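Data first, discussion second: the structure below is written as structure tokens.
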Amino acid sequence: MGSKLYEIGRFINADSLIRYIEERRHEDGGYCFVSVLNDTNVNDTYYAVKIYDLLRLEISEKEKTIGFLERAIQPQTAVVAIAMALEGLAILGAKDVAMEHLDIVFIKYSPLEGKFAVGLGGSEEFGTATPLEATYWVVKAFKAIGYEFSPDEKEAIRAFVMKFRNGNGYGVKGPTTTMTYQALYTLRTLGYRPPKSPHFRNCELCGDWGGFTEVPYSLPPYLEPTFYAARGLELQGETPSCPRRHVWFIRQLQNPNGGFRRSLELGISNFQNTYRALAVLDFMERFL
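Oh and the sequence shown: position 90 is 90 in the UniProt record's numbering, straight run, nothing missing.
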């Protein structure tokens, strides 16, 4: 299969996108979304790998990036970052390397002991990771590398996730798009079949906006809930109501440097936003 750059280039400036990523690769094999800084990190490197994988492009100096991700798996590293490194290694064809470091995960994450990520550390969404978010990332990483939880571990995780059930979705004070997707993905990946949630549809904005929101019937749309809602619809075998409007929304988020921001207002590009924007486009174009 060839690259998806032509398909993506129908909607965005693909040349500036590729330059944005490639100019931010450093000699150690890692990436940093601020090109002038030599502060490479797991988050940016993971999303660079995900972008290349989504676009079906070869990553430059792959062995260096494998080495960078492996070195990042340390006892002091946050659980979410360890999970990112493991999944990144799997995408790069180094599942065997990832499997060698599972013991570090179980120091922090042991469902049978009621440990759902000790020392949570940084989060993708909330400043400090929630145990549900950490569970989602660990389950996703283990799926990528081919590690199977035992039946007892699966049941312990299921019972933990169900504590976040809230109305027709999942959340703490109320259902949110991010937590509803993370919970449903976790349950389905472990082999359970939770009922479909209407939450994602309730957060869809058509008309003048496009995109999705974190909670129903609110404004404005942001990229994170748009990404998780698109993933949620895909997970449940559902279609978006106005894919063209969602594509319009994503197109407005590309900055002049080729990367993407999170909202229609001004904002800086980063790798996380850029991957999520591309993933939403990749999903929405199926319905055009």
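From the three backbone atoms N, C-alpha and C, an ideal C-beta is built for every residue, glycine too. Quick caveat: nothing in here was measured; it's all calculated off a predicted structure.
Would you kindly report the start and end of the unbroken alpha helix (DSSP H) that includes T177? 177-189
Please name the residue, chosen from A90, L55, I51, E58, that lies closest to G70 on a Cα-to-Cα basis. In the sequence on display, residue 70 carries Glu and not Gly. Looking at the Cα atoms, A90 is the closest of the given residues.
List, from N- to C-terminal side, the alpha helix (DSSP H) runs of 4 residues or more that fit wholly inside the stretch 212-243. 223-235
Assigned exposure category for N38 - 16 Cβ within 10 Å defines buried: exposed
Quick one: give me the first and last residue of the alpha helix (DSSP H) that T65 is part of. 62-72
Can you confirm whether the stretch 216-231 touches the stretch 186-194 when touching is taken to mean that 3 or more C-beta pairs between the two stretches lie within less than 8 Å? no
May I ask you to report which of helix, strand or coil DSSP gives K95? helix
Range covered by the alpha helix (DSSP H) that runs through T274: 271-284
Whole angstroms is fine: what's the gap from T45's alpha carbon to Q252's? 25 Å
Evaluate A159 with the Cβ neighbour count: other Cβ atoms within 10 Å of its Cβ, from every protein chain shown; 16 or more gives buried, anything less gives exposed. exposed
Whose C-beta lies closer than 6 Å to the C-beta of T180 among residues of the same chain, with five residues either side of it excluded? G169, Y170, S197, H199
Is E23 helix, strand or coil by DSSP? coil
Residues in the same chain with beta-carbon distance under 6 Å from A83, minus the five sequence neighbours each way, listed in chain order, please. W137, V138, A141
In the DSSP assignment, what are the bridge partners of R261? In the DSSP output, where bridge partners are listed per residue, R261 has none listed.
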